[in-house]
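Colleague:
Numbering (my numbering), first residue to last: 157 to 296.
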């Protein structure tokens, strides 16, 4: 028996963090950004590193994998009703990160410094704080 979209949405909203509401979207995007950009701190340089920098070391496949994760954040932003300008900026951030990240060695250093997902999270937070203030969290 096929699952109707209504029952699938109901099941997703029953699991914390999987709903379509702005607060759930914010938590998912913040979690994805943390995994992609700040998973652990490299000893000696005290700089956070995430999956984006590590997986990006694998030629082509790594860059495509991290680009798809970055574009998922853009897709979530589109579902929040963000403006075309914001979506374009976020897509450009992912595109620049992907294109320059594909250059061997130099691209990996660029990936380490540019952090497109953190930039995109800032854009999304600004939108959510303005249009959905109830989702705001206190950063400590």
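For glycine and all other residues, C-beta sits at the position ideal for the given N, C-alpha and C. Model, not experiment: these values are computed from the prediction.
Compare the Cα-Cα distances from residue 194 to each of 275, 248, 224 and report the closest residue.
Modeller: It is 275 whose Cα lies nearest to the Cα of residue 194.
Colleague: Look up residue 203 in the DSSP assignment and say whether it is helix, strand or coil.
Modeller: Here residue 203 sits in strand by DSSP.
Colleague: Name the two residues that bound the continuous alpha helix (DSSP H) containing residue 198.
Modeller: Not the alpha helix (DSSP H): residue 198 falls in the beta strand (DSSP E), residues 196-198.
Colleague: Among the residues of its own chain, which have a CB less than 7 Å from the CB of residue 198, if the five just before and after it don't count?
Modeller: Excluding positions up to five away in sequence, the list reads 205.
Colleague: Whose C-beta lies closer than 7 Å to the C-beta of residue 298 among residues of the same chain, with five residues either side of it excluded?
Modeller: Missing from the structure shown is residue 298; the chain here goes from 157 to 296 and no further.
Colleague: Would you call residue 272 buried or exposed, if buried means 16 or more other Cβ atoms sit within 10 Å of its Cβ?
Modeller: Residue 272 should be labelled buried.
Colleague: What do you reckon, are the CB atoms on residue 256 and residue 266 nearer than 9 Å?
Modeller: Yes, Cβ-Cβ distance for residue 256 and residue 266 is below 9 Å.
Colleague: For the putative contact between residue 298 and residue 279, defined by C-beta atoms under 8 Å, what is the C-beta separation to the nearest angstrom?
Modeller: In the structure displayed, the chain extends from 157 to 296; residue 298 sits before or after that span and is not available.
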